[in-house]
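Chemist:
In the working numbering, the protein residues as written are 1292 to 1998.
1) Is the beta carbon of residue 1994 closer than 8 angstroms to that of residue 1592?
2) Would you mind reading off the limits of the beta strand (DSSP E) that contains residue 1991?
3) Mind checking if residue 1920 is an interface residue toward chain D, Cβ cutoff 8 angstroms exclusive?
4) Between residue 1508 and residue 1451, how many whole angstroms is the CB-CB distance? I'm expecting something under 8 angstroms.
5) Of all the options 1478, 1553, 1843, 1644, which has the alpha carbon lying nearest to the alpha carbon of residue 2006?
6) Have a look at the DSSP bridge pairing and note the partners of residue 1500.
7) On the DSSP letters alone, give me the boundaries of the beta strand (DSSP E) that residue 1621 sits inside.
8) Do residue 1328 and residue 1846 have their beta-carbon atoms positioned less than 8 angstroms apart in this structure?
9) Name the two residues that bound the continuous alpha helix (DSSP H) containing residue 1767.
10) Tell me, please, whether the segment 1468-1478 touches the segment 1437-1444 by the rule of three or more beta-carbon pairs shorter than 8 angstroms.
11) Drop a sphere of 10 angstroms on the beta-carbon of residue 1906, count the other beta-carbons inside from all chains shown, and report buried for 16 or more, exposed for fewer.
12) Counting only the same chain and skipping the five closest in sequence on each side, list residues whose C-beta sits under 6 angstroms from that of residue 1513.
13) Smallest Cα separation from residue 1341: which of 1354, 1357, 1309?
14) Looking at the structure shown, is residue 1890 part of a helix, part of a strand, or coil, going by DSSP?
15) Does the beta-carbon of residue 1559 have 16 or more other beta-carbons within 10 angstroms, so that it is buried, or is it exposed?
16) Going by DSSP, what residue range makes up the alpha helix (DSSP H) through residue 1356?
17) Determine, using beta-carbon pairs with one atom in the segment 1317-1326 and one in the segment 1823-1839, whether at least three such pairs fall under 8 angstroms.
18) DSSP three-state call for residue 1388: helix, strand or coil?
19) Going by other Cβ atoms of all chains shown within 10 Å of its Cβ, with 16 needed for buried, is residue 1674 buried or exposed?
20) Quick one, which of 1706, 1893, 1350 has its alpha-carbon nearest residue 1736's?
21) Flag this pair as yes or no: are the beta carbons of residue 1769 and residue 1787 separated by less than 8 angstroms?
22) Hey, residue 1979 and residue 1917: beta-carbon distance below 8 angstroms or not?
23) I'd like to check one pair, residue 1629 with residue 1710: are the Cβ atoms closer than 8 angstroms?
24) Distance, Cα to Cα, residue 1920 vs residue 1605?
25) Label residue 1899 either buried or exposed according to how many other C-beta atoms from any shown protein chain fall within 10 Å of its C-beta, with 16 as the threshold for buried.
26) Using the C-alpha atoms, what's the distance from residue 1568 back to residue 1728?
27) DSSP three-state label for residue 1673, please.
28) For a test of the three-state rule: what should DSSP assign to residue 1972, helix, strand or coil?
29) Apart from the five residues on each side of it in sequence, which residues of its chain come closer than 8 angstroms, Cβ to Cβ, to residue 1695?
30) Among residues of its own chain, excluding the 5 on either side of residue 1581, which ones have a beta-carbon nearer than 6 angstroms to its beta-carbon?
31) Residue 1718: buried (16+ other C-beta within 10 angstroms of its C-beta) or exposed?
32) Alpha carbon to alpha carbon, how far is residue 1399 from residue 1563?
33) Please determine, among 1657, 1924, 1490, 1586, the residue with the shortest C-alpha to C-alpha distance to residue 1756.
34) What residue range is occupied by the uninterrupted beta strand (DSSP E) comprising residue 2020?
35) My understanding is that residue 1527 touches residue 1503, with C-beta atoms under 8 angstroms, so please give their C-beta distance in whole angstroms.
36) Look at the alpha carbon of residue 1892 and the alpha carbon of residue 1330, and state the distance between them as a whole number of angstroms.
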């Protein structure tokens, strides 16, 4: 089986599309570039399918590498037969490959190894053949200075047989299937830790049992966390009798003197070798699926968060609210640069609200502030009410934004480089302001795990999580495009083909030579070669560039085509861009090239109609219920407005304007069955919810969208 055939088993597209996509990937083309600018080669595959192909290719390479290692190892042991080599070469299942390798795998000295050293393997073979009666008499022939009696001889033979059974492919597959279909996961509380303070968060798993393959991802990860923290013990089990039947059917062929010994051997093999190994394998497989599920939830949430509506280039006053320590204020210009910072004390214990109002009014007027961004942490609602009492000379929009991750950014190397003369409180306030004007540009500076939209993100495979989140960030950045003259190093590093080092070089070049005025200047950036230019040029934007296409998603390789279109229409390129009437007269088939076919040309025509259009919507002001300030104000039956601030497989969390977010269980999203939460709600969606339960002690609120 070649790589294309292997990938075809899991990706629903033609072999030609897969072949072309793999070829592009091997030429170091990025997924955003392939999906956007090589549609004709891939058959219009989107980023999701291209990612599947890329993962399939990696998986194939891992399997081939493992096969080579296994074949080499067995050959070095001089145990590789043509039949075994053929089986290994034809297998593309990692689990099966490990089963083939198990008998030859280096391991600690086993009971079977000792028995072999004692000369008992021939006796084991006789018993396995099941042709002899009077096994006790046969056993007496294998006594020596290390085997003193028949019982020891038979025990040693059974140890060898138990290992053979454990290494039997048919047996392992049968037991594995049984575990996959019928294994239960059971938890028991650790009595010594039952009464600890942190134990209460795991109280649901003190005595829990359910079928493993039906266990939701979030519940499995919660149980594993409880075990890791020592509060419970986990067991993965199946009915022993059913498992032993599989072994008996595979091993026992006739009933004679060998049968009791085989029965003992297979019982020992199952209890000592097979059950521990396969149960652990089954749990790891379930964990991998739960990880993949949770990572996908996180990636979906992150994507929605990064693509949240931006306010745009506005002058913003940002507030990091607080009580005793005061509210940290910063004023930012249209580019997000810091103009001024101050601390006010409108709340308890100082109550300097009169002075604070004057200062806010003065800053709004002095710095021509157009919008106010308030972090949603401690004292957020109180600060919002305070701001809305101020009579401004002109309308000023007031937004409450998530400050998740702002403290992480403020203490980061990136923040220190941006604001070396300011402390963490000022940097955090700047982040709160900037994420209103452009969430994508600001949030890429923060480790996604610190943004607070994940589900057990610290419990999943961290390598796979990072890969998926990096891919998600790159997809979002390139779907929007970035202004190369204002983009930070962090934002630039996610542009297709650029990366961290080239991003540094671009920023340095910009600082030394001034703003870019055309895309070709990118080639002057140190170490930015033709490949990086090809992959990244179309994802950057240059406002007021010499060539208007430099502020669009049209790739430079297509500029000659657009110029020819304008020439054929007898108008200038400036007159063509945005002219729907003229663009509608263009026939794509007349302009195809080797790299750009009809699909690519249709994209170009769409882009010419609205060049550089931001796919994101505009930010809108949201009003919480003014009567709900703390959880004590929340009453069952209330209907209140809220914003979806996290999505999980079991429902979504909604911010109703207080510290504690409420949970809308998946069953309460709408009338009827819901299989996917994302089909009903999106992150930052404005919703109306009904309060169905309030637990002040545990700080939990249950909500329903069926109002």
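C-beta atoms are modelled at their ideal positions from N, C-alpha and C, and glycine is treated no differently.
Modeler: If we stick to the structure as given:
1) Between residue 1592 and residue 1994, the C-beta gap is not smaller than 8 angstroms, which leaves the two residues out of contact.
2) For residue 1991, the enclosing beta strand (DSSP E) has its first and last residue at 1991-1995.
3) Absence of chain D from the displayed structure is noted, only one protein chain being present.
4) Separation of the CB atoms of residue 1508 and residue 1451 is rounded to 41 angstroms, and the pair is thereby denied contact status at 8 angstroms.
5) Nothing can be reported for residue 2006: it is not among the residues displayed for the chain, which extend from 1292 to 1998.
6) Beta-bridge pairing links residue 1500 to 1477.
7) Note, residue 1621: beta strand (DSSP E), 1618-1623.
8) Yes. Within cutoff.
9) In the DSSP assignment, residue 1767 falls within the unbroken alpha helix (DSSP H) covering 1753-1771.
10) Short answer: they don't touch.
11) Around the beta carbon of residue 1906, a 10 Å sphere encloses fewer than 16 other beta carbons of the protein chains shown; the residue is thus reported as exposed.
12) Cβ neighbours of residue 1513 beyond the five flanking positions: none.
13) Minimum Cα distance to residue 1341 is reached at 1309.
14) Helix, per DSSP.
15) Counting C-beta atoms within 10 angstroms of its own C-beta, residue 1559 has 16 or more neighbours from the protein chains shown and is therefore classed as buried.
16) Annotation for residue 1356: the continuous alpha helix (DSSP H) segment containing it runs 1338-1367.
17) Output reads yes: the segment 1823-1839 touches the segment 1317-1326.
18) Reduced to three states, the DSSP call for residue 1388 is helix.
19) Residue 1674 comes out buried.
20) Nearest of 1706, 1893, 1350 to residue 1736, Cα basis: 1706.
21) In this structure, residue 1769 lies near residue 1787, with their beta-carbon atoms less than 8 angstroms apart.
22) Between residue 1979 and residue 1917, the gap from beta carbon to beta carbon reaches 8 angstroms or more.
23) A contact, by the Cβ cut-off of 8 angstroms.
24) Computed Cα separation, rounded: 29 angstroms.
25) Result: buried.
26) Roughly 54 angstroms between the two C-alpha positions.
27) When secondary structure is reduced to three states using DSSP, residue 1673 falls in the helix class.
28) Here residue 1972 sits in coil by DSSP.
29) In its chain, beyond the 5 residues on either side, 1741, 1742, 1743, 1744 have a beta carbon closer than 8 angstroms to the beta carbon of residue 1695.
30) Around residue 1581: 1508, 1511, 1512.
31) By the 10 Å Cβ count, residue 1718 comes out buried.
32) Each residue's Cα considered, the two are about 15 angstroms apart.
33) Cα-wise, what sits closest to residue 1756 is 1586.
34) Within the shown structure, residues of the chain are numbered from 1292 to 1998, placing residue 2020 beyond reach of any answer.
35) Here residue 1527 really is in contact with residue 1503; their C-beta atoms are around 6 angstroms apart, less than 8 angstroms.
36) One Cα belongs to residue 1892, the other to residue 1330, and the distance between them is close to 10 angstroms.
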